[in-house]
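A quick write-up on the structure given underneath.
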Amino acid sequence: MNIHSEINTTVDPIKLDKLAEVAVKVGLQLQRDQDLVMTAPLAALPLVRLITKHAYMAGAGLVTTFYSDEETTLARYAHAPDASFDKASGWLYEGMATAYANGAARLAIAGDNPLLLSGQDPAKVARANKANSTAYKPALEKISNFDINWNIISYPNPSWAKVVFPELPEDEAVLRLAEAIFAASRVDVADPISAWAGHNANLKKRSSWLNGERFSALHFTGPGTDLMVGLADGHEWHGGASTAKNGVTCNPNIPTEEVFTTPHALKVEGHVSSTKPLSHQGTLIDEIQVRFEGGRIVEAKASKGEAVLNKVLDTDEGARRLGEVALVPHSSPISASGILFYNTLFDENASCHIALGQCYSKCFLEGASLSQEQIAAQGGNSSLIHIDWMIGSDRIDIDGIKADGSRVPVMRKGEWA
Numbered sequence: 001m002n003i004h005s006e007i008n009t010t011v012d013p014i015k016l017d018k019l020a021e022v023a024v025k026v027g028l029q030l031q032r033d034q035d036l037v038m039t040a041p042l043a044a045l046p047l048v049r050l051i052t053k054h055a056y057m058a059g060a061g062l063v064t065t066f067y068s069d070e071e072t073t074l075a076r077y078a079h080a081p082d083a084s085f086d087k088a089s090g091w092l093y094e095g096m097a098t099a100y101a102n103g104a105a106r107l108a109i110a111g112d113n114p115l116l117l118s119g120q121d122p123a124k125v126a127r128a129n130k131a132n133s134t135a136y137k138p139a140l141e142k143i144s145n146f147d148i149n150w151n152i153i154s155y156p157n158p159s160w161a162k163v164v165f166p167e168l169p170e171d172e173a174v175l176r177l178a179e180a181i182f183a184a185s186r187v188d189v190a191d192p193i194s195a196w197a198g199h200n201a202n203l204k205k206r207s208s209w210l211n212g213e214r215f216s217a218l219h220f221t222g223p224g225t226d227l228m229v230g231l232a233d234g235h236e237w238h239g240g241a242s243t244a245k246n247g248v249t250c251n252p253n254i255p256t257e258e259v260f261t262t263p264h265a266l267k268v269e270g271h272v273s274s275t276k277p278l279s280h281q282g283t284l285i286d287e288i289q290v291r292f293e294g295g296r297i298v299e300a301k302a303s304k305g306e307a308v309l310n311k312v313l314d315t316d317e318g319a320r321r322l323g324e325v326a327l328v329p330h331s332s333p334i335s336a337s338g339i340l341f342y343n344t345l346f347d348e349n350a351s352c353h354i355a356l357g358q359c360y361s362k363c364f365l366e367g368a369s370l371s372q373e374q375i376a377a378q379g380g381n382s383s384l385i386h387i388d389w390m391i392g393s394d395r396i397d398i399d400g401i402k403a404d405g406s407r408v409p410v411m412r413k414g415e416w417a
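Throughout the sequence shown, residue numbering follows UniProt numbering, covering 1 to 417 in sequence.
Here it is, written out as structure tokens:
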């Protein structure tokens, strides 16, 4: 196969180059002589090449990229022996963890077909996911503990574009998805770097207000939802740019519209319904409804993908508890676009959301100096997984609950109050 025949030529090269520059200068703020570990779908090769160029122009030491390919993933499900689905490349993730421990930055390009595994055996999918999550933990900890500067961006892979715009011919679908990615990532303007500086300042203003209020809980109410989310002791709100333990200020998610913090793993009560489908590792999980008692999901249903959802919840003890709560106004640009991306990086930025599983240690006051035991004692959750799903809409109200029980309106009908 000639790789050049696979590369998409309909994507605007100038905006793609700006996206690569933003990934390096805003997303990572890559430092001189810093190595970079990148993962990407094979279809994203044009963006990988541009990021690699900008990384070396910024003085990168060494850029190393690992590619995934949808056809080879499907070949495993079609032909591999059963025992294969309990295996994962632990040696690779140990190597990545070593690279991060030695100061490398991390960049992931998202863009896989969100429905790739929807026709496969859910039990095999769940086993492969669990094996991968277990093997990935040493590397993931360096990221979730914010030891290093890291970033995720997206590329309009044709197979993803066809899921988002099934009624369009492939070239047109790719073009539409590319333009939506560029707009959400703020690279469709003359000066994306300064646009990001302004956006980060706005997110900082929101997180500073929330930190000043010191709420002990958030109460979400709306159709199918009456949820009290206790917040961890000594929690801290973040949004936009954050400074990693290595001293580098980076924007981990591009795009981002959220301010987020750590819930208390033992203090979540009530029921909540998802407001958008969740695409999880090739499976679509829709119309999720769960009930919490004492911080733990005791009942879970979904109209689609329920078997995979329940397997995910059984990953480990922390998988049924929350590791993140995030606030996003319903009028965010991604929500206003009206596009369902089937990609959490985008869909979570169209809506308030919660995450099952691992918490972020940086969402605690003095988080960098806390041990895992201290984080757990303050209500931080630990798990192999961290999966965001959307619970916000223009029909959801949120109150902040103070320690004395008094209420402060935080959001009304999905907008900042």
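Heads up, the beta-carbon is just placed ideally off N, CA and C, and yes, glycines get one too.
Supposed close pair residue i, residue j - CB separation, criterion 8 Å
i           : j           : result
residue 355 : residue 324 : 4 Å
residue 10  : residue 121 : The pair is not a contact, with the Cβ atoms about 35 Å apart (cut-off 8 Å).
residue 101 : residue 142 : 7 Å
residue 308 : residue 280 : 7 Å
residue 408 : residue 213 : 6 Å
residue 311 : residue 285 : At roughly 11 Å, the Cβ-Cβ gap does not stay under 8 Å, so residue 311 and residue 285 are not in contact.
residue 52  : residue 37  : Between residue 37 and residue 52 the Cβ distance is about 12 Å, and since that is not below 8 Å, they are no contact.
residue 215 : residue 401 : 6 Å
residue 22  : residue 189 : With 8 Å as the limit, residue 22 and residue 189 do not qualify as a contact, their Cβ atoms being about 11 Å apart.
residue 332 : residue 349 : 6 Å
Assigned exposure category for residue i - 16 Cβ within 10 Å defines buried
i           : result
residue 157 : buried
residue 266 : exposed
residue 66  : exposed
residue 237 : buried
residue 160 : buried
residue 226 : exposed
residue 113 : buried
residue 14  : exposed
residue 399 : buried
residue 33  : exposed
residue 365 : exposed
residue 274 : buried
residue 72  : exposed
residue 135 : buried
residue 257 : buried
residue 92  : exposed
residue 255 : buried
residue 388 : buried
residue 202 : exposed
residue 205 : exposed
residue 378 : buried
residue 393 : buried
residue 173 : buried
Nearest residue (CA-CA) to residue i, options the options
i           : options               : result
residue 125 : 96, 97, 88 and 233    : 88
residue 31  : 232, 55 and 202       : 55
residue 116 : 90, 175, 283 and 138  : 283
residue 35  : 106, 25 and 93        : 106
residue 228 : 178, 293 and 144      : 293
residue 103 : 79, 341 and 149       : 149
residue 385 : 341, 181, 131 and 43  : 131
residue 247 : 268, 203, 147 and 187 : 147
residue 316 : 92, 186 and 129       : 129
residue 412 : 221, 296, 163 and 278 : 221
residue 118 : 163, 402 and 144      : 163
residue 329 : 250, 390 and 86       : 390
residue 363 : 232, 278 and 394      : 232
residue 127 : 86, 209, 269 and 44   : 86
residue 42  : 79, 26 and 69         : 69
residue 358 : 137, 123, 271 and 45  : 137
residue 219 : 378, 271, 16 and 20   : 271
residue 133 : 374, 94, 82 and 80    : 94
residue 181 : 76, 49, 296 and 20    : 20
Under 8 Å between C-beta atoms of residue i and residue j
i           : j           : result
residue 289 : residue 276 : no
residue 243 : residue 380 : no
residue 39  : residue 139 : no
residue 177 : residue 253 : no
residue 234 : residue 264 : no
residue 240 : residue 211 : no
residue 335 : residue 351 : yes
residue 319 : residue 313 : yes
residue 145 : residue 196 : no
residue 410 : residue 403 : no
residue 376 : residue 369 : no
residue 194 : residue 153 : no
residue 16  : residue 45  : no
residue 58  : residue 24  : yes
Beta-bridge partners of residue i, as assigned by DSSP
i           : result
residue 150 : 106
residue 219 : 228 and 399
residue 270 : 227 and 292
residue 285 : 278
residue 363 : The partner list for residue 363 (beta bridge, DSSP) is empty, contrary to what the question assumes.
Residue i at chain B interface by Cβ criterion, 8 Å
i           : result
residue 125 : Given the protein chain composition of this structure (a single chain), no chain B is represented.
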